[in-house]
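Protein chains in written order, with the numbering used here: chain S, 9 to 366; chain Z, 4 to 75. Using N, Cα and C, we set each Cβ at its ideal position, and we do this for glycine too. Fair warning: this is a prediction, and the values are worked out from it, not measured in the lab. Some notes on the structure that comes next.
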Amino acid sequence: MKFINEYNDPKLINKFYTLIDKIMNEIGRPVKLMEVCGTHTMNIGKAGIRSRIPKKLILLSGPGCPVCVTPSEYVSYAIELAKKENTIITTFGDMVKVPNSKEEALKIFPKNKVRIVYTPLDTLTIAKDNPDKEVIFLGVGFETTIPVIGQVLLMAYEKKLKNFSMLTSLKTVPEPLKILSQNENNKIDGFILPGHVSIIIGLKAYEPLGIRGVVTGFEPLDILMGIYKLLQQVKNNEVQIENQYPRAVTYEGNIIMQNIMKEVFQVADTRWRGLSTLPKSGLIIKKKYEKYDTMKRFNIKEMEEGEPKGCQCGNVLIGVINPRECPLFGKACTPDNPIGPCMVSSEGACSAYYKYEQ
Amino acid sequence: MCLAVPIKIIEVNDIKAIGEIEGVKREVNVSLIPEVKIGEYVLLHAGFAIQIIDEEAAKEILSIWKDLLKKL
């Protein structure tokens with residue numbers, strides 16, 4: 009097995025659509041499911057799933073796109089740091105295009121100033137090679153990426169790196185799920201839960217939430233299986249957490265990675281685009297490691313910024329509107345000229361709709 | 004950004020391993036799953052292996068669904 013082709017068999021996929029049609033007829037009412045993870049949003053678009061399922065089955069895109077939920081002020085902090093003479097900023101690719109509320113973005117800086125890295129490990133090499141510069145990694149992500157970011161921080165700590173720090177915006181999935189599931193104005197029947205986040209946190213992390221959910225993989229067959237399992241629960245009036253992705257996800261999750269998260273970070277209230285400040289919804293660097301915390305190292309004063317004018321990204325992220333319902337979508341706001349983060353990130357709902365569902 | 008791709012481990016040297024995907028070799032940090040063995044598939048995310056793929060579990064689920072779909 010190579011774990012890709014097996015899940016892309018067109019014959020099996022077609023049969024799954026028949027199964028989904030059948031069970032939707034049996035349910036006999038509209039059903040709203042939310043895919044929480046941006047990678048699901050992108051792959052649902054790529055596989056054309058929305059256009060092939062019954063109209064009564066609505067798939068909403070959720071807040072699981074890290075770039076999309078990172079608040080506007082974070083971009084402003086990064087821009088101010090990039091303006092300093094002795095700094096090098098390193099970041100994952102999507103982040104350089106995200107505008108702040110003044111429509112400024114990191115992409116205006118030269119490539120040797122703001123460097124795109126594939127792994128945060130590259131940041132350590134850059135710091136070693138540039139001892140006279142302050143190297144700042146933009147650590148943005150959910151539980152899949154947080155242990156990786158934590159591990160790199162621990163490596164810097166062990167190596168006693170003196171010119172390295174992280175500007176973090178780290179979010180955890182369970183808290184917003186709870187809030188979304190309790191929104192009486194937008195009742196969601198079930199959640200397609202993020203497969204890779206779940207590798208780390210395990211099925212057990214969802215149990216206290218009392219939601220209907222299926223942890224789901226990312227290939228087309230995985231996603232269709234996940235949807236079908238959720239529809240079975242709807243039909244049978246069950247509310248439970250199931251695992252469609254046991255080839256990667258266990259009940260307990262990964263203890264080594266959970267321990268790294270606990271060692272380096274502590275739980276905090278964090279700001280989410282679209283959801284405002286949510287209690288205990290993210291992680292910040294612990295005091296023990298604060299010399300690697302860019303906010304502390306550069307004495308940055310926290311502030312709050314609004315959204316770019318007219319941007320509906322916040323409402324898109326909680327499934328209140330779909331991207332096409334935003335007046336800017338496809339007109340003033342396109343992937344080449346994005347106004348908000350949901351159009352910037354390839355995992356953003358607006359970008360995925362623009363590319364695959366026009 | 005929670006994208007992770009399956010890659011086959013062909014060499015392990017302490018925490019540094021080499022993985023191969025479609026003939027392309029890539030460096031993989033395996034410090035988060037130190038028990039990994041040559042020949043196993045892992046999920047690669049941002050330079051780190053974050054999980055060993057359980058082939059038995061994969062086969063079991065696929066065969067359950069294939070049986071169900073046969074009846075259609």
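Boundaries of the alpha helix (DSSP H) in which residue i is found, first to last residue
{"i": "S:Y236", "result": "228-243"}
{"i": "S:R58", "result": "57-60"}
{"i": "S:Q159", "result": "154-166"}
{"i": "Z:G42", "result": "Element bounds for Z:G42: n/a, residue is neither H nor E."}
{"i": "S:V205", "result": "203-209"}
8 Å Cβ cutoff met for residue i and residue j
{"i": "S:I12", "j": "S:L232", "result": "no"}
{"i": "S:G290", "j": "S:L325", "result": "no"}
{"i": "S:G46", "j": "S:E355", "result": "yes"}
{"i": "S:I144", "j": "S:I97", "result": "yes"}
{"i": "S:F172", "j": "S:T131", "result": "yes"}
{"i": "S:V222", "j": "S:K237", "result": "yes"}
{"i": "S:S69", "j": "S:A357", "result": "yes"}
{"i": "S:H48", "j": "S:I268", "result": "no"}
{"i": "S:G210", "j": "S:E260", "result": "yes"}
{"i": "S:L162", "j": "S:V272", "result": "yes"}
{"i": "S:P128", "j": "S:V83", "result": "no"}
{"i": "Z:V39", "j": "Z:I10", "result": "no"}
{"i": "S:L239", "j": "S:V44", "result": "no"}
Reduced DSSP secondary structure (H/G/I, E/B, other) of residue i
{"i": "S:S177", "result": "strand"}
{"i": "S:S353", "result": "coil"}
{"i": "S:S189", "result": "helix"}
{"i": "S:Q266", "result": "helix"}
{"i": "S:C76", "result": "helix"}
{"i": "Z:I52", "result": "Before going further, note that residue 52 of chain Z is Ala rather than Ile in the sequence given. Strand, per DSSP."}
{"i": "Z:S66", "result": "helix"}
{"i": "S:L14", "result": "The question names Leu, yet the displayed sequence has Glu at residue 14 of chain S. If DSSP states are grouped into helix, strand and coil, S:E14 belongs with the helices."}
{"i": "Z:L47", "result": "strand"}
{"i": "S:V83", "result": "helix"}
{"i": "Z:P37", "result": "coil"}
{"i": "S:P182", "result": "helix"}
{"i": "S:P287", "result": "strand"}
{"i": "Z:L72", "result": "helix"}
{"i": "S:K363", "result": "helix"}
{"i": "S:E215", "result": "helix"}
{"i": "S:E43", "result": "strand"}
Host beta strand (DSSP E) of residue i (start-end)
{"i": "Z:A20", "result": "19-24"}
{"i": "S:D29", "result": "Per DSSP, S:D29 belongs to no beta strand (DSSP E); it is in the alpha helix (DSSP H), 18-35."}
{"i": "S:T49", "result": "Taken as a continuous stretch (DSSP letters only), S:T49 belongs to no beta strand (DSSP E), being part of the alpha helix (DSSP H) at 46-54."}
{"i": "S:V247", "result": "Here S:V247 belongs to no beta strand (DSSP E), and DSSP marks it neither H nor E."}
{"i": "S:V223", "result": "221-224"}
{"i": "Z:E30", "result": "27-32"}
{"i": "Z:K11", "result": "8-16"}
{"i": "S:Q274", "result": "273-280"}
Through-space distance from residue j to residue i, alpha-carbon basis
{"i": "S:T152", "j": "S:N193", "result": "30 Å"}
{"i": "S:D137", "j": "S:F226", "result": "37 Å"}
{"i": "S:K167", "j": "S:P118", "result": "29 Å"}
{"i": "Z:E18", "j": "S:T342", "result": "Correcting the residue type first, residue 18 of chain Z is Ile in the shown sequence and not Glu. In a straight line, the C-alpha of Z:I18 is about 42 Å away from that of S:T342."}
{"i": "S:T78", "j": "S:P346", "result": "15 Å"}
{"i": "S:M265", "j": "S:E81", "result": "29 Å"}
{"i": "S:D102", "j": "Z:E59", "result": "36 Å"}
{"i": "S:N120", "j": "S:L67", "result": "41 Å"}
{"i": "S:E298", "j": "S:Q366", "result": "46 Å"}
{"i": "S:L286", "j": "S:M9", "result": "42 Å"}
{"i": "S:P139", "j": "S:A164", "result": "13 Å"}
{"i": "S:K105", "j": "S:K19", "result": "39 Å"}
{"i": "S:G36", "j": "S:D197", "result": "14 Å"}
{"i": "S:Y253", "j": "S:K141", "result": "44 Å"}
{"i": "Z:Q54", "j": "Z:I12", "result": "12 Å"}
{"i": "Z:R29", "j": "Z:P37", "result": "17 Å"}
{"i": "S:T302", "j": "S:M174", "result": "5 Å"}
{"i": "S:T26", "j": "S:H204", "result": "28 Å"}
{"i": "S:I124", "j": "Z:L71", "result": "46 Å"}
{"i": "Z:G26", "j": "S:W280", "result": "40 Å"}
{"i": "S:G218", "j": "S:V328", "result": "22 Å"}
{"i": "S:E315", "j": "S:N108", "result": "8 Å"}
{"i": "S:G53", "j": "S:N330", "result": "13 Å"}
{"i": "S:M351", "j": "S:P71", "result": "13 Å"}
{"i": "Z:I64", "j": "S:K296", "result": "44 Å"}
{"i": "S:K63", "j": "S:P38", "result": "8 Å"}
{"i": "Z:V45", "j": "S:I263", "result": "17 Å"}
Of all the alpha helix (DSSP H) runs that stay within the bounds of the stretch 292-360 of chain S, which reach a length of 4 or more residues?
Assignment of alpha helix (DSSP H) within the stretch 292-360 of chain S, counting only whole runs of 4 or more residues, yields 302-305, 321-325, 349-352 in chain order.
Entirely enclosed beta strand (DSSP E) segments - the stretch 88-145 of chain S, minimum 3 residues:
Within the stretch 88-145 of chain S, the beta strand (DSSP E) runs of at least 3 residues that lie entirely inside it are, in chain order, 95-99, 122-124.
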